[in-house]
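Visitor: Here you go, one structure.
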């Protein structure tokens, strides 16, 4: 953090920069400004590591006094606002902010941009509406070495505060595509992917899919809505449905857990 640009001091929550940052609290504000907030040390650190992403940073004196010296190299014109606790609370979305908030440029990309990177493993969130689940899936996709995440129409905004925090910085590590209709599965298939829908009633389970060699191919996993699973339109458009085997008595898995199991199974197959 010590390499940020010259500091301004903001003492009032009514300051124009604070009011501008607060517009990022709403989906409409994020869409209009093309900006969103990264809150907390982990998210801000990962945002700063990506050139051109962070526009400005709001931080308390206490946080700055305890921050590690020699932060990542960033745009020298980036502005650091030193603020009081009450000003940071006005900027942040959480009740107890952790000392630092960054205003970031929209990091989502087009589907064409994702496909141009020759991905081999992606996950498609089909009408996943819970921001915590979506953020956890993005974080898991990053950890599993996936090449991108696609969110369909009617899925949650990945740039919303809770979703950003749930990614723990992974939002800045891999391409995120938003607002895609069901036809995105056709585009993925044309790009060479096997499109697999994670579905609890599928006749083929994950072990069978792995042993048959299916998981070794470039794969797009489709995971579905928390209440209703993968919507029928996406099931119909997938190449095959695959279920996670349930060896105990639980009826189903949380969508983020199911996504993790499927992504790691494919990642292991690819590495073999």
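Residue numbers (the numbering used here): -8 to 263. Backbone N, C-alpha and C define an ideal beta-carbon position, used for all residues, glycine too.
(1) Would DSSP call residue 64 helix, strand or coil?
(2) Using 8 Å as the Cβ pair cut-off and three pairs as the minimum, do the stretch 35 to 47 and the stretch 110 to 128 touch?
(3) Tell me the DSSP secondary structure of residue 96 in three-state form.
(4) Whether or not the stretch 187 to 197 and the stretch 242 to 254 are in contact is what I'm after, with contact meaning three or more pairs of Cβ atoms, one per stretch, closer than 8 Å; do they touch?
(5) In chain order, what residues of the same chain lie with their CB nearer than 8 Å to the CB of residue 215, ignoring the 5 residues before and after it?
(6) State the DSSP-derived secondary structure class of residue 184, mapped to helix, strand or coil.
(7) Should the stretch 136 to 153 be called in touch with the stretch 104 to 113, which here means at least 3 C-beta pairs below 8 Å?
(8) Starting from residue 20, trace the alpha helix (DSSP H) both ways and give me its first and last residue.
(9) So the candidates are 219, 186 and 218; which of them puts its Cα closest to the Cα of residue 208?
(10) Assuming residue 3 and residue 78 make a contact with CB atoms under 8 Å, what is their CB distance in whole Å?
(11) Return the chain-ordered list of same chain residues with a C-beta closer than 7 Å to the C-beta of residue 201, the five sequence neighbours on each side being excluded.
(12) Does the structure place the stretch 51 to 58 close enough to the stretch 14 to 24 that three or more beta carbon pairs sit under 8 Å?
Guide: Short version:
(1) Any reading at residue 64 must be qualified, since the residue scores a pLDDT of 40, below 50, and its modelled position is unreliable; no value is offered.
(2) no
(3) strand
(4) Three or more beta-carbon pairs drawn from the stretch 242 to 254 and the stretch 187 to 197 are found closer than 8 Å, and the two stretches are therefore classed as touching.
(5) 117, 118, 119, 188, 189, 190, 221, 222, 225 and 246, listed in sequence order.
(6) coil
(7) yes
(8) 18 to 24
(9) 186
(10) 7 Å
(11) 256 and 260
(12) no
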